[in-house]
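Peer 1: Take this structure first; my questions come after.
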Amino acid sequence: EELMNRAKLIVSRSGYSTIMDLAVVKTKALMIPTPGQVEQEYLAEYHNRKGTFYSVKQEQLQLAEDTKKAQHTTGIKRECNVEKTVERVMDILYGTG
1 EELMNRAKLI
11 VSRSGYSTIM
21 DLAVVKTKAL
31 MIPTPGQVEQ
41 EYLAEYHNRK
51 GTFYSVKQEQ
61 LQLAEDTKKA
71 QHTTGIKREC
81 NVEKTVERVM
91 DILYGTG
């Protein structure tokens with residue numbers, strides 16, 4: 001977790017949980033979807049089109065070139081405060097909010 005927080009760019013698969021982790025740390029990423037994993041392929045292409053993350057198919061990966069391209073993405077800018085979200089959910093569930 002500490003390394004993710006300090007990283008300027010993360011190279012990873014493009015699963016939902018990974019994208020949520022990237023939203024929390026607000027880091028740019030080079031996404032390489034696992035071949036045949038439709039969800040990962042879709043999410044990688046979606047974020048590539050939006051300019052959030054750069055993605056490339058595993059068989060087309062050129063690490064030096066692709067990491068440079070990934071530096072020009074935005075990452076997820078939206079505020080994502082996990083602790084506040086959990087507090088809000090607990091307030092709703094227990095009627096304390």
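Taking my numbering, I'd label the letters of the sequence shown as residues 1 to 97. All C-beta atoms in this analysis are idealised placements derived from N, C-alpha and C, irrespective of residue type, glycine included. Since the model is a prediction, treat every value here as computed from it, not as a measurement.
1) When you compare each of VAL89, ILE32 and ARG88 to GLU59 by their alpha carbons, which one comes out closest?
2) Using the Cβ count rule (16 or more neighbours within 10 Å means buried), how would you classify ALA70?
3) By the 10 Å Cβ neighbour count, where 16 or more other Cβ atoms means buried, how is ASN48 classified, buried or exposed?
4) May I ask you to report which of helix, strand or coil DSSP gives ILE76?
5) I'd like the span of the alpha helix (DSSP H) that includes LYS28, first residue to last.
6) Hey, LEU43 and ILE76: beta-carbon distance below 8 Å or not?
7) Does the beta-carbon of SER55 have 16 or more other beta-carbons within 10 angstroms, so that it is buried, or is it exposed?
Peer 2: Reading off the structure:
1) The count along the sequence shown starts at 1 and reaches residue 59 at position 59. Residue nearest to GLU59 within the set VAL89, ILE32 and ARG88 is ILE32 (criterion: CA-CA distance).
2) By 1-based counting over the sequence shown, the position of residue 70 is 70. ALA70 counts as buried, since at least 16 other C-beta atoms from the protein chains shown sit within 10 angstroms of its C-beta.
3) Residue numbering aside, residue 48 sits at position 48 when the sequence shown is read from its first letter. Classification of ASN48: buried, given that the 10 Å Cβ count is 16 or more.
4) Position 76 of the sequence shown, counted from the first residue, corresponds to residue 76. Note: ILE76 maps to coil in three-state DSSP.
5) The sequence position of residue 28 within the sequence shown is 28, counting from 1. It is not in any alpha helix (DSSP H) - LYS28 instead sits in the beta strand (DSSP E) that spans 28-31.
6) Here residue 43 corresponds to residue number 43 of the sequence shown, with the count starting at 1. Here residue 76 corresponds to residue number 76 of the sequence shown, with the count starting at 1. Remark: C-beta atoms of LEU43 and ILE76 do not approach each other more closely than 8 Å.
7) Counting from one through the sequence shown, the residue named residue 55 turns up at place 55. Counting Cβ neighbours within 10 Å, SER55 comes out buried, since at least 16 surround it.
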